[in-house]
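Have a look at the structure below, then the notes.
Numbering (our numbering), first residue to last: 2 to 505.
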(Lines of atoms letter the chains of each structure in order from A; the text may use other names.)
(Lines give C-alpha, C1' and ligand atoms only; values in the text may rest on other atoms or scores of the structure.)
Protein backbone atom coordinates (compact mmCIF):
# COMPACT_ATOMS: atom_id res chain seq x y z
CA UNK A 2 0.00 0.00 0.00
CA UNK A 3 1.38 3.42 -1.01
CA UNK A 4 1.47 5.91 1.87
CA UNK A 5 0.74 9.60 1.24
CA UNK A 6 3.94 10.65 3.10
CA UNK A 7 6.12 8.57 0.80
CA UNK A 8 4.82 10.30 -2.33
CA UNK A 9 6.91 13.16 -3.73
CA UNK A 10 5.72 16.74 -3.30
CA UNK A 11 5.37 17.20 -7.07
CA UNK A 12 3.21 14.09 -7.37
CA UNK A 13 0.99 15.27 -4.52
CA UNK A 14 0.57 18.66 -6.17
CA UNK A 15 -0.18 16.96 -9.47
CA UNK A 16 -2.86 14.77 -7.91
CA UNK A 17 -4.52 17.70 -6.13
CA UNK A 18 -4.40 19.90 -9.25
CA UNK A 19 -5.83 17.07 -11.36
CA UNK A 20 -8.73 16.57 -8.96
CA UNK A 21 -9.34 20.33 -8.88
CA UNK A 22 -9.47 20.55 -12.69
CA UNK A 23 -11.70 17.48 -12.90
CA UNK A 24 -14.17 19.03 -10.45
CA UNK A 25 -14.21 22.36 -12.29
CA UNK A 26 -14.56 20.78 -15.72
CA UNK A 27 -17.31 18.48 -14.44
CA UNK A 28 -19.29 21.60 -13.56
CA UNK A 29 -18.73 23.17 -16.99
CA UNK A 30 -18.88 20.13 -19.29
CA UNK A 31 -20.87 17.37 -17.59
CA UNK A 32 -23.44 18.80 -15.16
CA UNK A 33 -26.97 18.78 -16.62
CA UNK A 34 -25.66 17.64 -20.02
CA UNK A 35 -29.09 16.36 -21.08
CA UNK A 36 -30.23 19.99 -21.36
CA UNK A 37 -31.53 20.99 -23.84
CA UNK A 38 -33.87 18.01 -24.34
CA UNK A 39 -33.83 18.50 -28.11
CA UNK A 40 -31.51 18.18 -31.09
CA UNK A 41 -28.92 20.81 -31.85
CA UNK A 42 -26.57 21.05 -34.82
CA UNK A 43 -25.29 17.65 -36.04
CA UNK A 44 -27.17 15.62 -33.43
CA UNK A 45 -29.94 15.39 -36.03
CA UNK A 46 -27.53 13.24 -38.07
CA UNK A 47 -25.44 11.48 -35.43
CA UNK A 48 -28.27 10.12 -33.26
CA UNK A 49 -29.99 8.39 -36.25
CA UNK A 50 -26.58 6.98 -37.22
CA UNK A 51 -26.08 5.68 -33.68
CA UNK A 52 -29.47 3.97 -33.81
CA UNK A 53 -28.42 2.18 -37.00
CA UNK A 54 -25.45 0.73 -35.10
CA UNK A 55 -27.77 -0.41 -32.32
CA UNK A 56 -29.95 -2.15 -34.92
CA UNK A 57 -27.21 -3.39 -37.27
CA UNK A 58 -28.54 -1.53 -40.32
CA UNK A 59 -26.19 -0.78 -43.19
CA UNK A 60 -25.64 2.91 -43.94
CA UNK A 61 -23.01 5.25 -45.31
CA UNK A 62 -21.64 8.45 -43.80
CA UNK A 63 -18.92 10.92 -44.72
CA UNK A 64 -17.14 10.60 -41.37
CA UNK A 65 -15.14 7.58 -40.14
CA UNK A 66 -17.16 5.32 -37.84
CA UNK A 67 -15.63 5.50 -34.36
CA UNK A 68 -17.29 8.72 -33.18
CA UNK A 69 -20.79 7.50 -34.01
CA UNK A 70 -20.01 4.08 -32.54
CA UNK A 71 -19.09 5.78 -29.26
CA UNK A 72 -22.36 7.74 -29.34
CA UNK A 73 -24.20 4.43 -29.80
CA UNK A 74 -22.15 2.83 -27.01
CA UNK A 75 -23.38 5.45 -24.55
CA UNK A 76 -27.02 4.62 -25.31
CA UNK A 77 -26.23 0.89 -25.15
CA UNK A 78 -24.76 1.36 -21.64
CA UNK A 79 -27.42 3.70 -20.25
CA UNK A 80 -30.39 2.27 -22.18
CA UNK A 81 -32.35 5.41 -21.38
CA UNK A 82 -34.96 4.89 -24.12
CA UNK A 83 -37.44 1.99 -24.30
CA UNK A 84 -36.92 1.70 -28.07
CA UNK A 85 -33.94 2.64 -30.23
CA UNK A 86 -35.29 2.28 -33.74
CA UNK A 87 -37.50 5.36 -34.28
CA UNK A 88 -34.90 7.00 -36.54
CA UNK A 89 -33.35 4.09 -38.43
CA UNK A 90 -35.26 4.82 -41.63
CA UNK A 91 -33.68 8.25 -42.12
CA UNK A 92 -30.29 9.89 -42.08
CA UNK A 93 -31.64 13.16 -40.65
CA UNK A 94 -34.25 13.62 -37.93
CA UNK A 95 -35.84 17.03 -37.47
CA UNK A 96 -38.07 16.35 -34.44
CA UNK A 97 -37.32 14.49 -31.22
CA UNK A 98 -39.71 11.61 -30.43
CA UNK A 99 -41.86 12.05 -27.35
CA UNK A 100 -40.24 11.08 -24.01
CA UNK A 101 -36.86 10.75 -25.77
CA UNK A 102 -33.74 10.93 -23.57
CA UNK A 103 -30.29 12.15 -24.66
CA UNK A 104 -28.63 10.76 -21.51
CA UNK A 105 -27.04 7.84 -23.35
CA UNK A 106 -26.34 9.37 -26.74
CA UNK A 107 -24.47 12.35 -25.29
CA UNK A 108 -22.74 10.39 -22.52
CA UNK A 109 -19.45 9.27 -24.12
CA UNK A 110 -18.67 12.55 -25.97
CA UNK A 111 -19.38 14.51 -22.78
CA UNK A 112 -17.19 12.24 -20.64
CA UNK A 113 -14.35 12.48 -23.15
CA UNK A 114 -14.67 16.27 -23.28
CA UNK A 115 -14.47 16.25 -19.47
CA UNK A 116 -11.37 14.02 -19.35
CA UNK A 117 -9.63 16.10 -22.01
CA UNK A 118 -9.33 18.83 -19.36
CA UNK A 119 -6.99 16.75 -17.20
CA UNK A 120 -4.99 15.60 -20.24
CA UNK A 121 -4.55 19.26 -21.14
CA UNK A 122 -3.39 19.97 -17.58
CA UNK A 123 -0.73 17.24 -17.81
CA UNK A 124 0.43 18.54 -21.20
CA UNK A 125 0.79 22.03 -19.72
CA UNK A 126 2.76 20.68 -16.76
CA UNK A 127 5.22 18.95 -19.08
CA UNK A 128 5.68 22.28 -20.87
CA UNK A 129 5.87 24.57 -17.83
CA UNK A 130 7.21 22.25 -15.07
CA UNK A 131 4.97 24.17 -12.65
CA UNK A 132 1.69 22.70 -11.42
CA UNK A 133 0.20 26.04 -10.35
CA UNK A 134 0.91 27.71 -13.70
CA UNK A 135 -0.35 24.63 -15.56
CA UNK A 136 -3.56 24.61 -13.52
CA UNK A 137 -4.24 28.30 -14.14
CA UNK A 138 -3.61 27.91 -17.88
CA UNK A 139 -5.94 24.89 -17.93
CA UNK A 140 -8.76 27.40 -17.51
CA UNK A 141 -8.28 28.11 -21.23
CA UNK A 142 -10.00 24.78 -21.89
CA UNK A 143 -12.15 24.43 -18.79
CA UNK A 144 -13.94 27.76 -19.29
CA UNK A 145 -14.03 28.10 -23.06
CA UNK A 146 -17.68 28.64 -23.98
CA UNK A 147 -17.38 27.44 -27.57
CA UNK A 148 -15.72 24.15 -26.62
CA UNK A 149 -18.24 23.60 -23.84
CA UNK A 150 -21.46 24.22 -25.77
CA UNK A 151 -20.42 22.07 -28.73
CA UNK A 152 -18.90 19.18 -26.80
CA UNK A 153 -21.90 18.79 -24.47
CA UNK A 154 -23.78 17.31 -27.42
CA UNK A 155 -23.65 14.00 -29.27
CA UNK A 156 -20.85 15.29 -31.50
CA UNK A 157 -17.65 13.88 -32.99
CA UNK A 158 -15.32 16.68 -31.95
CA UNK A 159 -15.09 15.71 -28.26
CA UNK A 160 -13.72 12.19 -28.89
CA UNK A 161 -11.36 13.53 -31.57
CA UNK A 162 -9.99 16.23 -29.25
CA UNK A 163 -9.55 13.67 -26.45
CA UNK A 164 -7.50 11.36 -28.67
CA UNK A 165 -5.49 14.27 -30.12
CA UNK A 166 -4.66 15.63 -26.67
CA UNK A 167 -3.63 12.10 -25.72
CA UNK A 168 -1.29 12.01 -28.72
CA UNK A 169 0.30 15.30 -27.67
CA UNK A 170 0.77 14.02 -24.11
CA UNK A 171 2.38 10.79 -25.33
CA UNK A 172 4.59 12.74 -27.74
CA UNK A 173 5.91 14.94 -24.92
CA UNK A 174 6.47 11.95 -22.63
CA UNK A 175 8.27 10.12 -25.42
CA UNK A 176 10.74 12.89 -26.24
CA UNK A 177 11.39 13.41 -22.50
CA UNK A 178 12.17 9.70 -21.95
CA UNK A 179 13.61 8.79 -25.34
CA UNK A 180 16.70 7.15 -23.82
CA UNK A 181 14.64 4.48 -22.06
CA UNK A 182 14.01 1.74 -24.62
CA UNK A 183 11.16 0.20 -22.62
CA UNK A 184 9.39 3.56 -22.27
CA UNK A 185 10.00 4.32 -25.95
CA UNK A 186 8.36 1.03 -26.97
CA UNK A 187 5.27 1.69 -24.88
CA UNK A 188 4.90 5.29 -25.99
CA UNK A 189 5.44 4.38 -29.64
CA UNK A 190 2.63 1.83 -29.61
CA UNK A 191 0.37 4.21 -27.69
CA UNK A 192 1.16 7.01 -30.15
CA UNK A 193 0.09 4.82 -33.08
CA UNK A 194 -3.02 3.57 -31.28
CA UNK A 195 -4.19 7.08 -30.36
CA UNK A 196 -3.49 8.36 -33.86
CA UNK A 197 -5.57 5.51 -35.25
CA UNK A 198 -8.41 6.35 -32.85
CA UNK A 199 -8.30 10.05 -33.77
CA UNK A 200 -8.21 9.34 -37.51
CA UNK A 201 -11.10 6.86 -37.33
CA UNK A 202 -13.17 9.43 -35.41
CA UNK A 203 -12.80 12.37 -37.77
CA UNK A 204 -10.55 12.94 -40.78
CA UNK A 205 -9.34 16.27 -39.38
CA UNK A 206 -7.38 14.21 -36.85
CA UNK A 207 -4.95 13.49 -39.69
CA UNK A 208 -3.12 16.71 -38.77
CA UNK A 209 -1.59 14.84 -35.83
CA UNK A 210 0.65 13.01 -38.31
CA UNK A 211 2.87 16.12 -38.15
CA UNK A 212 4.05 14.85 -34.76
CA UNK A 213 5.45 11.71 -36.42
CA UNK A 214 8.35 13.44 -38.24
CA UNK A 215 8.70 15.75 -35.22
CA UNK A 216 9.34 12.68 -33.05
CA UNK A 217 11.81 11.31 -35.62
CA UNK A 218 13.66 14.63 -35.44
CA UNK A 219 13.85 14.36 -31.65
CA UNK A 220 15.18 10.79 -31.83
CA UNK A 221 17.99 11.54 -34.28
CA UNK A 222 20.76 10.43 -34.68
CA UNK A 223 19.85 7.17 -32.92
CA UNK A 224 18.71 5.16 -35.95
CA UNK A 225 17.80 2.06 -33.91
CA UNK A 226 15.36 4.08 -31.81
CA UNK A 227 14.00 5.69 -34.97
CA UNK A 228 13.32 2.34 -36.64
CA UNK A 229 11.81 0.93 -33.44
CA UNK A 230 9.53 3.94 -32.97
CA UNK A 231 8.41 3.94 -36.61
CA UNK A 232 7.66 0.22 -36.65
CA UNK A 233 5.73 0.14 -33.38
CA UNK A 234 3.79 3.35 -34.10
CA UNK A 235 2.75 2.10 -37.53
CA UNK A 236 1.76 -1.28 -36.08
CA UNK A 237 -0.41 0.38 -33.45
CA UNK A 238 -2.03 2.65 -36.02
CA UNK A 239 -2.69 -0.11 -38.56
CA UNK A 240 -4.17 -2.41 -35.92
CA UNK A 241 -6.61 0.23 -34.71
CA UNK A 242 -7.48 1.47 -38.21
CA UNK A 243 -8.32 -1.98 -39.54
CA UNK A 244 -9.94 -3.04 -36.27
CA UNK A 245 -12.31 -0.07 -36.04
CA UNK A 246 -13.38 -0.28 -39.68
CA UNK A 247 -13.81 -4.05 -39.51
CA UNK A 248 -15.93 -3.68 -36.37
CA UNK A 249 -18.01 -1.11 -38.24
CA UNK A 250 -18.46 -3.46 -41.19
CA UNK A 251 -19.26 -6.47 -39.02
CA UNK A 252 -21.92 -4.55 -37.05
CA UNK A 253 -23.78 -3.25 -40.10
CA UNK A 254 -24.96 -6.30 -42.01
CA UNK A 255 -28.65 -5.56 -42.69
CA UNK A 256 -29.36 -3.45 -45.79
CA UNK A 257 -32.46 -1.28 -45.44
CA UNK A 258 -34.22 -0.77 -48.78
CA UNK A 259 -35.94 2.40 -47.54
CA UNK A 260 -32.56 4.03 -46.94
CA UNK A 261 -31.18 3.09 -50.32
CA UNK A 262 -34.20 4.53 -52.13
CA UNK A 263 -34.64 7.56 -49.86
CA UNK A 264 -30.99 8.61 -49.97
CA UNK A 265 -28.26 8.84 -52.53
CA UNK A 266 -26.31 5.74 -51.51
CA UNK A 267 -24.49 4.56 -54.60
CA UNK A 268 -23.11 1.05 -54.20
CA UNK A 269 -22.18 -1.65 -56.65
CA UNK A 270 -24.20 -4.81 -57.20
CA UNK A 271 -21.16 -6.81 -56.10
CA UNK A 272 -21.24 -4.99 -52.78
CA UNK A 273 -24.94 -5.71 -52.19
CA UNK A 274 -24.42 -9.36 -53.15
CA UNK A 275 -22.16 -9.73 -50.10
CA UNK A 276 -25.13 -9.20 -47.81
CA UNK A 277 -27.45 -11.37 -49.86
CA UNK A 278 -24.93 -14.20 -49.42
CA UNK A 279 -24.27 -13.49 -45.73
CA UNK A 280 -20.65 -12.40 -46.33
CA UNK A 281 -20.96 -8.74 -45.36
CA UNK A 282 -18.93 -9.13 -42.15
CA UNK A 283 -16.10 -11.20 -43.63
CA UNK A 284 -12.60 -9.70 -43.28
CA UNK A 285 -11.87 -11.08 -46.74
CA UNK A 286 -14.03 -8.37 -48.28
CA UNK A 287 -12.53 -5.53 -46.22
CA UNK A 288 -10.86 -3.89 -49.27
CA UNK A 289 -14.14 -3.87 -51.23
CA UNK A 290 -16.08 -2.31 -48.37
CA UNK A 291 -13.38 0.33 -47.86
CA UNK A 292 -13.47 1.12 -51.58
CA UNK A 293 -17.24 1.63 -51.46
CA UNK A 294 -16.91 3.77 -48.33
CA UNK A 295 -14.29 6.03 -49.92
CA UNK A 296 -16.40 6.35 -53.06
CA UNK A 297 -19.38 7.48 -51.00
CA UNK A 298 -17.24 9.97 -49.07
CA UNK A 299 -16.13 11.59 -52.32
CA UNK A 300 -19.69 11.54 -53.64
CA UNK A 301 -20.97 13.21 -50.45
CA UNK A 302 -18.31 15.92 -50.26
CA UNK A 303 -18.76 16.80 -53.92
CA UNK A 304 -22.37 17.68 -53.04
CA UNK A 305 -21.53 19.82 -49.99
CA UNK A 306 -22.10 23.50 -50.89
CA UNK A 307 -19.36 26.09 -50.93
CA UNK A 308 -19.21 28.96 -48.48
CA UNK A 309 -21.60 31.74 -49.50
CA UNK A 310 -21.55 34.69 -47.12
CA UNK A 311 -24.29 36.39 -49.13
CA UNK A 312 -26.80 33.79 -47.92
CA UNK A 313 -28.83 35.17 -45.05
CA UNK A 314 -28.80 31.81 -43.24
CA UNK A 315 -25.14 30.92 -43.91
CA UNK A 316 -23.52 29.49 -40.77
CA UNK A 317 -20.15 28.78 -42.35
CA UNK A 318 -17.10 31.02 -42.15
CA UNK A 319 -13.72 31.49 -43.86
CA UNK A 320 -10.77 29.99 -42.00
CA UNK A 321 -8.94 33.32 -41.64
CA UNK A 322 -11.72 34.65 -39.36
CA UNK A 323 -11.66 31.68 -36.98
CA UNK A 324 -8.84 32.94 -34.70
CA UNK A 325 -11.02 35.98 -33.93
CA UNK A 326 -14.03 33.80 -33.09
CA UNK A 327 -15.93 34.44 -36.31
CA UNK A 328 -18.46 33.46 -37.33
CA UNK A 329 -20.52 32.31 -34.39
CA UNK A 330 -23.41 29.86 -34.87
CA UNK A 331 -26.87 29.94 -33.32
CA UNK A 332 -27.43 26.23 -32.60
CA UNK A 333 -30.82 26.49 -30.96
CA UNK A 334 -33.24 29.04 -29.49
CA UNK A 335 -36.56 29.00 -27.63
CA UNK A 336 -39.08 31.70 -26.77
CA UNK A 337 -39.64 32.16 -23.02
CA UNK A 338 -42.14 35.00 -23.11
CA UNK A 339 -41.85 38.50 -21.66
CA UNK A 340 -39.34 39.42 -24.37
CA UNK A 341 -36.83 36.72 -23.40
CA UNK A 342 -35.26 33.94 -25.47
CA UNK A 343 -32.95 31.09 -24.51
CA UNK A 344 -30.04 30.22 -26.78
CA UNK A 345 -27.38 27.63 -27.46
CA UNK A 346 -24.77 29.70 -29.24
CA UNK A 347 -21.32 28.70 -30.47
CA UNK A 348 -19.51 31.76 -29.18
CA UNK A 349 -15.91 31.86 -27.91
CA UNK A 350 -14.47 32.99 -24.62
CA UNK A 351 -12.78 36.10 -26.08
CA UNK A 352 -10.07 36.23 -23.40
CA UNK A 353 -8.92 32.70 -24.20
CA UNK A 354 -9.11 33.06 -27.97
CA UNK A 355 -7.19 36.36 -27.90
CA UNK A 356 -4.55 34.69 -25.75
CA UNK A 357 -4.32 31.83 -28.24
CA UNK A 358 -3.90 34.23 -31.16
CA UNK A 359 -1.28 36.16 -29.19
CA UNK A 360 0.50 32.88 -28.52
CA UNK A 361 0.70 32.12 -32.24
CA UNK A 362 1.90 35.62 -33.19
CA UNK A 363 4.50 35.75 -30.42
CA UNK A 364 5.71 32.20 -31.13
CA UNK A 365 6.35 33.14 -34.77
CA UNK A 366 8.06 36.35 -33.64
CA UNK A 367 10.30 34.50 -31.18
CA UNK A 368 11.30 31.91 -33.78
CA UNK A 369 12.11 34.54 -36.41
CA UNK A 370 14.05 36.60 -33.86
CA UNK A 371 16.11 33.59 -32.82
CA UNK A 372 16.97 32.95 -36.49
CA UNK A 373 17.85 36.58 -37.25
CA UNK A 374 19.71 37.22 -33.98
CA UNK A 375 21.04 33.81 -32.86
CA UNK A 376 23.71 35.24 -30.59
CA UNK A 377 21.38 37.47 -28.55
CA UNK A 378 18.08 35.53 -28.62
CA UNK A 379 18.23 32.19 -26.80
CA UNK A 380 14.92 30.36 -26.62
CA UNK A 381 14.01 27.94 -23.84
CA UNK A 382 12.03 25.54 -26.08
CA UNK A 383 12.67 26.36 -29.77
CA UNK A 384 11.90 22.80 -30.85
CA UNK A 385 8.44 22.75 -29.25
CA UNK A 386 7.64 26.27 -30.46
CA UNK A 387 8.49 25.16 -33.99
CA UNK A 388 6.49 21.91 -33.71
CA UNK A 389 3.24 23.46 -32.49
CA UNK A 390 3.52 26.52 -34.71
CA UNK A 391 4.03 24.13 -37.62
CA UNK A 392 0.95 22.14 -36.64
CA UNK A 393 -1.16 25.30 -36.33
CA UNK A 394 -0.07 26.69 -39.70
CA UNK A 395 -0.25 23.30 -41.44
CA UNK A 396 -3.84 22.79 -40.32
CA UNK A 397 -5.02 26.16 -41.61
CA UNK A 398 -3.17 25.71 -44.91
CA UNK A 399 -4.79 22.29 -45.38
CA UNK A 400 -8.27 23.60 -44.55
CA UNK A 401 -7.78 26.52 -46.94
CA UNK A 402 -7.52 24.02 -49.82
CA UNK A 403 -10.99 22.60 -49.18
CA UNK A 404 -13.74 23.80 -51.48
CA UNK A 405 -16.63 22.93 -49.17
CA UNK A 406 -18.12 25.15 -46.48
CA UNK A 407 -16.42 24.93 -43.08
CA UNK A 408 -17.53 26.09 -39.64
CA UNK A 409 -16.07 27.73 -36.56
CA UNK A 410 -15.85 24.45 -34.63
CA UNK A 411 -13.41 23.17 -37.26
CA UNK A 412 -10.96 25.53 -35.53
CA UNK A 413 -11.06 23.58 -32.25
CA UNK A 414 -7.86 21.60 -32.92
CA UNK A 415 -5.69 24.58 -33.90
CA UNK A 416 -7.30 26.47 -31.01
CA UNK A 417 -5.80 23.92 -28.62
CA UNK A 418 -2.46 24.25 -30.44
CA UNK A 419 -2.67 28.02 -29.91
CA UNK A 420 -3.34 27.49 -26.19
CA UNK A 421 -0.21 25.33 -26.00
CA UNK A 422 1.78 28.01 -27.83
CA UNK A 423 0.53 30.60 -25.35
CA UNK A 424 1.83 28.44 -22.48
CA UNK A 425 5.20 28.07 -24.22
CA UNK A 426 5.40 31.82 -24.83
CA UNK A 427 4.63 32.54 -21.17
CA UNK A 428 7.59 30.39 -20.18
CA UNK A 429 9.85 32.07 -22.78
CA UNK A 430 9.28 35.60 -21.45
CA UNK A 431 12.06 36.51 -19.02
CA UNK A 432 12.12 40.27 -19.42
CA UNK A 433 9.72 43.02 -20.51
CA UNK A 434 11.56 46.26 -21.17
CA UNK A 435 13.90 46.73 -18.25
CA UNK A 436 11.86 44.55 -15.90
CA UNK A 437 12.98 40.99 -15.26
CA UNK A 438 10.13 38.49 -15.12
CA UNK A 439 10.56 35.88 -12.38
CA UNK A 440 8.65 32.66 -11.78
CA UNK A 441 6.66 34.48 -9.10
CA UNK A 442 5.67 37.19 -11.59
CA UNK A 443 4.54 34.57 -14.09
CA UNK A 444 2.50 32.74 -11.47
CA UNK A 445 0.77 35.95 -10.39
CA UNK A 446 0.12 36.90 -14.00
CA UNK A 447 -1.44 33.59 -15.01
CA UNK A 448 -3.61 33.55 -11.87
CA UNK A 449 -5.01 36.97 -12.83
CA UNK A 450 -5.44 35.67 -16.38
CA UNK A 451 -7.36 32.64 -15.04
CA UNK A 452 -9.72 34.99 -13.17
CA UNK A 453 -10.36 36.93 -16.39
CA UNK A 454 -11.18 33.67 -18.18
CA UNK A 455 -13.69 32.77 -15.47
CA UNK A 456 -15.32 36.23 -15.62
CA UNK A 457 -15.63 36.07 -19.42
CA UNK A 458 -17.07 32.56 -19.20
CA UNK A 459 -19.73 33.75 -16.76
CA UNK A 460 -20.60 36.68 -19.02
CA UNK A 461 -21.34 34.33 -21.95
CA UNK A 462 -22.76 31.55 -19.76
CA UNK A 463 -26.43 32.10 -20.76
CA UNK A 464 -25.53 31.40 -24.39
CA UNK A 465 -23.69 28.22 -23.39
CA UNK A 466 -26.33 26.65 -21.13
CA UNK A 467 -29.61 27.58 -22.80
CA UNK A 468 -30.55 30.27 -20.25
CA UNK A 469 -33.08 33.05 -20.99
CA UNK A 470 -31.87 36.47 -22.14
CA UNK A 471 -33.57 39.66 -23.20
CA UNK A 472 -32.69 41.07 -26.62
CA UNK A 473 -30.84 43.91 -24.91
CA UNK A 474 -28.74 41.49 -22.85
CA UNK A 475 -28.03 39.44 -25.96
CA UNK A 476 -26.82 42.50 -27.87
CA UNK A 477 -24.37 43.31 -25.05
CA UNK A 478 -22.71 39.94 -25.67
CA UNK A 479 -22.23 40.55 -29.40
CA UNK A 480 -18.80 42.07 -28.81
CA UNK A 481 -17.51 41.97 -32.40
CA UNK A 482 -19.49 42.67 -35.54
CA UNK A 483 -17.67 39.94 -37.44
CA UNK A 484 -19.07 37.40 -34.96
CA UNK A 485 -22.40 38.00 -36.76
CA UNK A 486 -24.47 37.23 -33.64
CA UNK A 487 -28.22 37.58 -34.15
CA UNK A 488 -30.94 37.45 -31.56
CA UNK A 489 -34.10 35.63 -32.59
CA UNK A 490 -36.18 37.87 -34.84
CA UNK A 491 -33.46 40.53 -35.17
CA UNK A 492 -32.31 41.74 -38.58
CA UNK A 493 -28.59 42.01 -37.97
CA UNK A 494 -26.46 41.29 -40.99
CA UNK A 495 -22.82 40.42 -41.38
CA UNK A 496 -20.50 43.43 -41.33
CA UNK A 497 -18.45 41.98 -44.19
CA UNK A 498 -21.24 41.29 -46.67
CA UNK A 499 -24.90 42.02 -47.29
CA UNK A 500 -27.32 39.21 -48.24
CA UNK A 501 -28.44 39.51 -51.84
CA UNK A 502 -32.12 40.17 -51.15
CA UNK A 503 -31.18 43.22 -49.04
CA UNK A 504 -29.06 44.88 -51.72
CA UNK A 505 -30.48 47.97 -53.36
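Even glycine gets a Cβ: it sits at the ideal position worked out from N, Cα and C. Bear in mind the structure is a predicted one, so any value in this text is a computation, not a measurement.
Exercise for the section: Ignore the nearest five residues each way along the sequence and tell me which others in residue 334's own chain have a CB closer than 8 Å to its CB. Expected result: 342, 343, 344, 345 and 489
Practice task
Compare the Cα-Cα distances from residue 484 to each of 61, 465, 329 and 43 and report the closest residue.
Solution key: 329
Problem - Rounded Cβ spacing between residue 155 and residue 44 (contact assumed at less than 8 Å) - result: 5 Å
Problem - Cβ shell of residue 102 (< 6 Å), same chain only, five flanking positions each side left out - result: 81 and 82
Practice task
May I ask you to list the residues that DSSP assigns as paired with residue 347?
Solution key: 330
Exercise for the section: State the CB to CB distance for the pair residue 113 and residue 159, rounded to an integer number of angstroms; the pair is presumed to be in contact (CB under 8 Å). Expected result: 5 Å
Practice task
Could you tell me the distance, in whole angstroms, from the CA atom of residue 78 to the CA atom of residue 105?
Solution key: 7 Å
Problem - Counted within 10 angstroms of its Cβ, other Cβ atoms place residue 84 as buried (16 or more) or exposed - result: exposed
Practice task
Could you work out which residue in 269, 128 and 201 is closest to residue 239 when comparing CA atoms only?
Solution key: 201
Practice task
Establish whether the CB of residue 241 and some CB of chain B are separated by less than 8 Å.
Solution key: Looking for chain B here will not work: only one protein chain is present.
Practice task
Work out the CA separation of residue 290 and residue 507 for me, nearest whole Å.
Solution key: Only positions 2 to 505 of the chain appear in the structure, and residue 507 is not among them; the question remains open.
Exercise for the section: Find the nearest neighbour of residue 161 within the set 190, 135, 198 and 136, judged by alpha-carbon distance. Expected result: 198
Problem - C-beta atoms of residue 59 and residue 255 nearer than 8 Å - result: yes
Problem - Distance between residue 473 and residue 395 (C-alpha atoms, nearest Å) - result: 40 Å
Problem - For residue 421, the nearest candidate out of 46, 127 and 90 (CA to CA) - result: 127
Practice task
Ignore the nearest five residues each way along the sequence and tell me which others in residue 19's own chain have a CB closer than 8 Å to its CB.
Solution key: 119, 122 and 123
Exercise for the section: Could you tell me which of 416, 339, 317 and 70 sits nearest to residue 42, measuring between CA atoms? Expected result: 317
Practice task
Quick one: which unbroken alpha helix (DSSP H) runs of 4-plus residues sit fully inside the segment 50 to 92? Chain order, please.
Solution key: 67 to 79
Handout entry: Residue burial classification, residue 249 (beta-carbon count within 10 angstroms, cutoff 16)
Key = buried
Handout entry: Minimum C-alpha distance to residue 23 - residue among 96, 134 and 140
Key = 140
Problem - residue 375, DSSP secondary structure in three states - result: coil
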